[in-house]
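At position 385 of the sequence shown the residue is numbered 438 (this note's numbering), and the sequence of numbers has no breaks.
Working notes, beginning with the structure itself.
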Amino acid sequence: MEKSNQAAPNDARKGSVVPLETSIREELDSLSPLSSDCCIYKIPDRLRCVNERAYIPDVVSIGPLNHGNEALKAMEEHKLRYLQYFLHRTNVSLEDYIKKIRDREEKLRSCYAEPIKFSSDGFVRIILVDAAFVPELLLRDFKHLKQEGDRILNKPYMLLDVVPDLLKVENQLPFFILEDIFDLEIIDSPSSGNNTSGGLSIFNIIEAFLGQLGCDNDKWKIISSSSSKVEHFVHLIRTLCLPLESELQTEGRQLIETVKIPTLTELHQAGVKLKVRSGKNLVDIQFADGILEIPKIFLSTTHPRILENLVAFEQCHCIYDKYINDYVNIMGRFVSTPKDVELLVEYGILDTHYNASEASSMITQLASKPIRFLHVFYYGTLCEDLNKYYRSSWNKWKANLRQNYFNTPWASISVFAAVVLLLLALIQTVCSVTSTSPSKHE
C-alpha cells in the first residue's frame, strides 16, 4: 500500500508535464517581439509617488494608456463631436481613416512600452477618435480657422486643463499617425468656403498652438523638414528646448556622482555676475570671466508640469543624454532660498507671477525628483569652474569690497573722500616730522 501511495504523486507529476510544457510554450509563442520604436511609457512609481497629478491627465485621455479612466469619461462625447467636425472638413471617408489606422496598427502598438490589452477594433477606434481630436482642436485654434461656439476653446477653464494634458508622457499618440491623418485631409476653410489645404501642414498648426505657450522657436523649419525624428508632442517640446545636435557641447560633460555648487546668492557674494543669456535653448547655461549666463525662464502653473514630464520622458527613453534632467538638477542647486529667486528676478532671468518663496519651493520640489546619473553630467565643467571661482580668496575680497564699499555712487564718493583724507593726514604727518627734525648743520 505504501508503494502505491508513493507512486501516485510521481505519476501525477509525469502526467502534468506535457500540459504544463504546452501551456508555457503557448505563452512564449504569444509574446510579441520587442521594437525599437517604443517611445510612450507609463510613468515609473518612483516618480509618480512624488507628484502623481503631474502625470495623470485631468480632463482628456489621449491614446490607450489612460482610456477608460472614469474621471475622464465626460470628455469622450466632446472627442466624438470633434471627430464628426473633422470628417465634415475633409473629403475622406470614415472607412478610409479606419483603413489607414488599421494598416499602421502593428507599428502603433509597438510605440507603447506597455502591452495594449484592447482588441484590434477597440485599439483602432481609440486611435481614430484621438488622432482626429488633436488636429481638430489645433485647427479650431488656428488663426484663420477659428470657430464660434466651441465648447473647449471658448471655455477658458477647459482649455487650461486640456493643453497640459496634451503634454503628458502617458497621454501621447505617435507623431506619424497625426501626420498620416492630416495628410489625408483637405481643410475646409470657413472664411473662403473652398476646400483647400493651402500648403498647411500639421507642423504649421502645432507651431501656432505651442507659440502661445512661449514655444516660439527658430528651429521649427529644421524640425519640420525632418519630422520623422519627432516621436510625439513631449519629444517635440524637448527638441525645442535643446540646441541643435551640432551645437550641443560635449567637452563640458563629466562623470559626476553628486552635484555640489554654491547657490546663486553665494556665487553673487563671491563676485559672480548674473546675466540673461540670449537664445532660446533652455539648457544653454554658460560661465566665463566671472559672468554666469542663464537663458530666460518662464514659471507659470503649466511650466513645472511640462518640465516634470520632460524629466520623466528622459528617464524612460534616453540612455545617455538626459539634458533636461541635468538642467533641472543644476537649477535646483542654484536656487535654495527665496533670495536666490529674487536674484533671478532682479537680473531679468526669471519671469513669474509667483512670489519668491513660492517660486523657490516650486524649483526645489522639481529638483527633488529622483534623478539618476548613469553616465555623464552635461554641466560637469561648468560646476568645476564655478567652484574654482567661488573658492578664490581674491574674488571674494574684490566682491566684498565692491558690495560693501562701492555698491552706490555715494558710497564710492565716501570711500574716495576717506582715502583722500587719509593721504592728506599722512602727508601732514610726514611734513610735521620733517619740519621738527634737527638739521644736520645744527
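Glycine is no exception: its CB is placed at the ideal position from the N, C-alpha and C atoms.
Open item on the list: For T390 and E411, I'd like the C-alpha separation in whole angstroms.
Closed with: 10 Å
Open item on the list: Rounded to whole angstroms, what is the Cα-Cα separation between D271 and N334?
Closed with: 10 Å
TODO: Round the Cβ separation of K152 and D233 to the nearest angstrom and send it over; I've been treating them as touching at under 8 Å.
DONE: Not really, about 11 Å apart at Cβ, beyond 8 Å.
- [ ] Pull up the DSSP beta-bridge partners for I275, would you.
- [x] Paired residues: none, contrary to the question.
Task: Close Cβ partners of E346 (< 6 Å) along its chain, the five nearest in sequence each way excluded - done: K328, R330, Q339
TODO: State buried or exposed for V483, treating a residue as buried only when at least 16 other CB atoms are found within 10 Å of its CB.
DONE: exposed
Open item on the list: Check whether the region 93-111 and the region 351-361 are in contact - that is, three or more C-beta pairs closer than 8 Å.
Closed with: yes
- [ ] Could you check what DSSP says for P117 in three-state terms: helix, strand or coil?
- [x] coil
TODO: Please check the pair K441 and D404, which I expect to be a contact at CB under 8 Å, by giving their CB distance rounded to whole angstroms.
DONE: About 31 Å separates the beta carbons of K441 and D404, which is beyond the 8 Å limit, so they are not a contact pair.
Open item on the list: Under DSSP, the beta strand (DSSP E) around A341 begins and ends at which residues?
Closed with: Secondary structure note for A341: its beta strand (DSSP E) is the uninterrupted segment 339-341.
- [ ] Would you list the one or two residues that DSSP bridges to P17?
- [x] Nothing can be reported for residue 17, as the shown portion of the chain is limited to 54 through 495.
TODO: Count the CB pairs spanning the region 130-145 and the region 383-398 that are closer than 8 Å, and state whether there are at least three.
DONE: no
Task: Supposed contact pair Y108 and V222 - C-beta distance, whole angstroms, cut 8 Å - done: 6 Å
Task: DSSP-derived helix/strand/coil call for E404 - done: A quick correction: the sequence has Asp, not Glu, at residue 404. D404 falls in the strand class under three-state DSSP.
- [ ] Tell me, please, which residues DSSP counts as bridged to Y165.
- [x] I93
Task: V388 vs T354 beta-carbon contact at 8 Å - done: Cβ atoms of V388 and T354: not closer than 8 Å.
- [ ] Give the C-beta separation of T402 and Q225 to the nearest angstrom, bearing in mind that I take them to be a contact with Cβ-Cβ under 8 Å.
- [x] Position check: residue 402 holds Ile in this sequence, whereas Thr was assumed. That pair is no contact at about 31 Å.
Open item on the list: Please state the DSSP three-state secondary structure of Y458.
Closed with: Confidence is the limiting factor: at Y458 the pLDDT is only 49, short of 50, which leaves the residue's position unreliable, though a coordinate-based value still follows. Y458: helix per DSSP, three-state reduction.
TODO: Compute the Euclidean distance between the alpha carbons of C436 and E399, then round it to the nearest angstrom.
DONE: So the two alpha carbons sit approximately 23 Å from each other.
Task: Helix, strand or coil at P86 [DSSP, three-state] - done: coil
- [ ] Throw me the rounded Cβ distance for the V287 and L363 pair, which I believe falls under 8 Å.
- [x] 7 Å
TODO: Could you check which residue in L396, E395, Y376, K392 has the C-alpha nearest to that of G433?
DONE: Y376
TODO: Could you tell me if L213 is buried or exposed, where buried requires 16 or more neighbouring beta carbons within 10 angstroms of its beta carbon?
DONE: exposed
Task: Between the CA atoms of D374 and I96 - distance to the nearest angstrom - done: About 19 Å.
Task: First and last residue of the uninterrupted alpha helix (DSSP H) at H288 - done: 286-294
- [ ] Rank I179, L161, L81, E167 by C-alpha distance to the C-alpha of G530 and give the top, closest one.
- [x] A question about residue 530 goes unanswered here, because the residues of the chain that appear run from 54 up to 495.
Task: Residues near P217 in its chain [Cβ-Cβ closer than 6 Å; skip 5 each side] - done: T355, R358
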